[in-house]
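My numbering puts the sequence shown at residues 266 to 350.
Before any comments, here is the structure.
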Amino acid sequence: MQTIYNSPLYCVVEFTDFGTEGQHPAGGFEIMDKALRREIFLGGRDAEQFRASVRQLIAAEPSAEDLDDFLAAYTGVMTTPVALH
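Below is the structure:
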């Protein structure tokens, strides 16, 4: 588990040692909206797509605002309340 992005609005954590051998090798990502206190977990194909989109975004050398705007696209599907672990 590694925090790959942290801003005043969002936090993204990557899970690389995720589950068992039978699970998808892409691992997973947890995206948290700090203002809404909601999160979503992306695993499998969703994680692959997210990783590819992030790589493409990073190649364009985005600002922090660009990154937050990108993550804002996931706000509508964040239905899980953030819980402290």
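Using N, Cα and C, we set each Cβ at its ideal position, and we do this for glycine too.
Keep in mind the model is a prediction, meaning the values are calculated, not measured.
- If you check the CB distance, Glu279 and Thr345 do not come in under 7 Å.
- Of all alpha-carbon atoms in Leu301, Leu332, Ala312 and Gln314, the one lying nearest the alpha-carbon of Thr340 is that of Leu301.
- Using a Cβ distance threshold of 7 Å, Ala317 and Phe294 do not count as a contacting pair.
- Look at Val278 here: in three-state DSSP terms it is strand.
- Judged by their CB atoms, Ser272 and Asp331 are not nearer to each other than the 7 Å cut-off.
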